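Engineer:
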Amino acid sequence: MKTALIGAGVAGAACVSVLRSRGADFCVFEKSRGPGGRLSTRRVSGVLPQGDLHYDHGAPAFTWSPELSAQLAAELKHETVRQLNPDAWVASPSMPQLVKDLLGGCPLSAQVEIDTLEGSTGQWYLKEKSKSDGNPPVLHGPFSAVVLTAPAPQTRALLRNVECSWKQKLDAVSYHPCWAVMASFAGAPAEIRETSNIFSSLVSQNSKPGRTLPEHVQCWVGHAHPEWSRAHLEAEAAVIQEKLLAELVRVLGLTSVQPLHAAVHRWRYSTVANPLHCTALADPVQRLFFAGDACLGTGVAGAVESGLEVGRMLI
Ligand SMILES: Cc1cc2nc3c(=O)[nH]c(=O)nc-3n(C[C@H](O)[C@H](O)[C@H](O)COP(=O)(O)OP(=O)(O)OC[C@H]3O[C@@H](n4cnc5c(N)ncnc54)[C@H](O)[C@@H]3O)c2cc1C
């Protein structure tokens, strides 16, 4: 019988890379339109006739190691993981490419949001979230094993109707929130001119390898500090956009320049504040598994390790 994976972020994709290479039978369910999760790039069309704008509004970069490269040599295309500076790597030409390489073109049930797990040992069903069309929610299954990779609070909610040895451990995990601002300017400087107390990271998308952006346009992404983001978490997007844009314009020394495009995104779960300090969680009797950055708390690299570990456990 098949294994079901919930989530096509980098942890789920790393798990898939192991299952694929061993010929296992599996299905992947993802609530968004495509793979990537928090390794995400937003493409904005229609602003400029010369081409689309691109913003890495999730993880701006990640740590990487020769060991991970060696382990994933058969999966990753030559130019996918590229070094930005001595401590940071990015995926090219966009952040989700790392996830796409690991998925290796396997079929993905996208725009399918799972609401709960139903059933019992070795006979699991995934119930989709109800839609407004009046039809009963779709039930997928049965599955012999389920791998959950959504952030810990969301995974906890998915497991509300089932018993599982590790589900209470998820309560100890917490995440930093993050407000991200995306803005493009014509003729803006390529470097920051002032320091900021609001942004923890401010990255010109033009400085990243493999990006194709319209000429003479600078696309910037700013991530607000966790404390600032927490203090403003429930504020309206329009209010946040005004504040973060004003700060971005100030640090770039652009007081009179209007952006060609601007937007904000609120991440309730960005990086992990309190991890589980283990590579993955497994209930071998129920055949329920958890992988993701919540396990090791080391971002993308830790999420990959976690997904690989669950793949090996299943095989
Ligand atoms: C603003 C920001 C900055 C960051 N900075 C860094 C950094 O500098 N360095 C670093 O290493 N990491 C950073 N990260 C963290 C990094 O992005 C994550 O650690 C990593 O992407 C987590 O991967 P994952 O697969 O564990 O989870 P996710 O990427 O969250 O994947 C989970 C997937 O599950 C899907 N899903 C959730 N619920 C359901 C459901 N009910 N049904 C179906 N699908 C579902 C989601 O849509 C998602 O695609 C940052 C993240 C953000 C948002």
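Count along the sequence shown from 1, then add 393; that gives the number in my numbering.
Glycine residues also receive a C-beta, built at the ideal position from the N, C-alpha and C atoms.
Remember, it's a predicted structure, so these values are computed and weren't measured experimentally.
Got a sec, what are the start and stop residues for the alpha helix (DSSP H) Lys-636 sits in?
Structural biologist: Segment 630 to 644, the alpha helix (DSSP H) holding Lys-636.
Engineer: Quick one: give me the first and last residue of the alpha helix (DSSP H) that Leu-495 is part of.
Structural biologist: Where Leu-495 is concerned, the enclosing alpha helix (DSSP H) stretches over 489 to 496.
Engineer: Can you tell me whether Asp-480 is buried or exposed? The criterion is at least 16 other CB atoms within 10 Å of its CB, across all chains shown.
Structural biologist: Counting Cβ neighbours within 10 Å, Asp-480 comes out exposed, since fewer than 16 surround it.
Engineer: Tell me whether Met-575 sits in a helix, a strand or coil according to DSSP, three-state version.
Structural biologist: It is a strand residue.
Engineer: Counting pairs of beta carbons, one from the segment 402 to 418 and one from the segment 558 to 565, are three or more of them closer than 8 Å?
Structural biologist: Segments in contact, no.
Engineer: Rounded to whole angstroms, what's the CA-CA distance from Met-575 to Arg-553? Just pull it up for me.
Structural biologist: Taking the straight line from one Cα to the other gives about 36 Å.
Engineer: With a CB to CB cut of under 6 Å and the five nearest residues on each side skipped, what residues in its chain are close to Ala-404?
Structural biologist: Cβ within range, chain order: Thr-542, Ala-684, Gly-685, Ala-696, Ser-699 and Gly-700.
Engineer: Going by DSSP, which residues form a beta bridge with Asp-480?
Structural biologist: None; Asp-480 has no bridge partner.
Engineer: Is it the case that the Cβ atoms of Phe-422 and Val-492 are separated by a distance below 7 Å?
Structural biologist: Their beta carbons are not under 7 Å apart, which means Phe-422 does not touch Val-492 by this criterion.
Engineer: May I ask which residues mark the beginning and end of the beta strand (DSSP E) holding Gln-768?
Structural biologist: There is no way to answer for residue 768, as the model of the chain reaches only from 394 to 708.
Engineer: Ordered along the chain, which non-local residues of its own chain (more than five positions away) have a Cβ less than 7 Å from that of Cys-671?
Structural biologist: Excluding sequence neighbours, Cys-671 sits near Cys-688.
Engineer: Kindly indicate which residue of Val-678, Met-394 and Ala-454 has the alpha-carbon position closest to the one of Tyr-518.
Structural biologist: Taking only the C-alpha atoms, the option nearest Tyr-518 is Met-394.
Engineer: If we ignore side chains and look at the alpha-carbon of each, how far apart do Gly-497 and Val-411 end up?
Structural biologist: Each residue's alpha carbon lies about 11 Å from the other.
Engineer: According to DSSP, which residues form a beta bridge with His-447?
Structural biologist: Paired residues: Arg-436.
Engineer: Does the beta-carbon of Phe-455, which I'm using as the reference point, lie nearer than 6 Å to any heavy atom of ligand 1?
Structural biologist: Yes, ligand 1 has a heavy atom inside 6 Å of this Cβ.
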